[in-house]
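Engineer: In this note's numbering, the protein residues as written are 5 to 175. C-beta: ideal position from N, C-alpha, C; glycine also.
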């Protein structure tokens, strides 16, 4: 019985050390994307939300057309600062696609890295990769005003048209 408080103290100390490490050292992704951010931390484009916070659902379709273009529909998104939404993303195309939200510069850096490592796996809350026919959700809270970007960073997809702006501004 005397060891129980010591064990509890050891776990609390270890948990505090791990939490501190998350904020200082990132979350262990090799791609450098979101370096210095834990999954619950704020990014420039916002932070993960909870389903209970979502005030509306935005339906987004990813697909290709017969001309070889790769598209998001809609191709332009607008939100209010502080708004939390559910993005319901459906891949209606014939190939795998992804939806990644970030700053233009971060997406460009990530796109270049994806060209070198096209099979790179992600587990970032601001992104989802879907096989043909799949649907998935991202619940997101947009915190900062500005223009951000969503894109498919699979090699060749952004160049084929899969990108668009995210406007976060007060009306």
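#1: Write down every uninterrupted run of the beta strand (DSSP E) in the region 37-117 whose length is 3 residues or greater and which is fully enclosed by it, in chain order.
#2: Rounded to the nearest angstrom, what separates residue 153 and residue 81 at their Cα positions?
#3: According to DSSP, is residue 119 part of a helix, a strand, or is it coil?
#4: Which same chain residues end up closer than 7 Å to residue 164 when comparing Cβ atoms and leaving out the 5 residues on each side of it in sequence?
#5: Rounded to the nearest angstrom, what separates residue 51 and residue 70 at their Cα positions?
#6: Run through DSSP, which three-state label would residue 157 get?
#7: Check the C-beta distance from residue 139 over to residue 92 and give it rounded, since I have them as a contact under 8 Å.
#8: What does DSSP give as the partner residue(s) for residue 152 in the beta ladder?
#9: Rounded to the nearest angstrom, how far is the Cβ of residue 66 from that of residue 95, given a contact under 8 Å?
#10: Check for me: the beta strand (DSSP E) holding residue 141 runs from which residue to which?
#11: Can you say whether residue 102 is buried or exposed, counting buried as having 16 or more other CB atoms within 10 angstroms of its CB?
#12: In the DSSP assignment, what residue or residues form a beta bridge with residue 131?
#13: For residue 61, collect the residues of the same chain with a Cβ closer than 6 Å to its Cβ; drop the 5 residues on either side in sequence, then sort them by chain order.
#14: If I measure Cβ to Cβ from residue 3 and keep anything under 7 Å in the same chain, skipping five residues before and after, which residues do I get?
#15: Pick out whichever of 149, 58, 107 and 122 has its Cα sitting closest to the Cα of residue 155.
#16: Classify residue 121 as buried or exposed, calling it buried when 16 or more other Cβ atoms lie within 10 Å of its own Cβ.
Structural biologist: In brief:
#1: If we require 3 residues or more, the beta strand (DSSP E) runs fully inside the region 37-117 come out as 60-68, 74-77, 81-83, 88-95 and 101-106.
#2: Their Cα atoms are separated by approximately 9 Å.
#3: Residue 119 falls in the helix class under three-state DSSP.
#4: Closer than 7 Å at the Cβ level, and outside the excluded window around residue 164, lie 72, 73 and 74.
#5: Our two residues, residue 51 and residue 70, have alpha carbons roughly 36 Å apart in a direct line.
#6: If DSSP states are grouped into helix, strand and coil, residue 157 belongs with coil.
#7: Contact annotation, residue 139 with residue 92: C-beta distance approximately 7 Å; criterion of less than 8 Å satisfied.
#8: Answer is 170.
#9: A Cβ-Cβ distance of about 5 Å is found for the pair residue 66 and residue 95, placing them in contact under the 8 Å criterion.
#10: Where residue 141 is concerned, the enclosing beta strand (DSSP E) stretches over 139-145.
#11: Here residue 102 is buried: its Cβ has 16 or more other Cβ atoms, across all protein chains shown, within 10 Å.
#12: The partner list for residue 131 (beta bridge, DSSP) reads 104.
#13: So the qualifying residues of the chain are 90 and 92.
#14: Since the first residue shown for the chain is 5 and the last is 175, residue 3 is missing from the structure and cannot be characterised.
#15: Comparing Cα-Cα distances from residue 155 to each of 149, 58, 107 and 122, the minimum goes to 107.
#16: Around the beta carbon of residue 121, fewer than 16 other beta carbons sit within 10 angstroms, so the residue counts as exposed.
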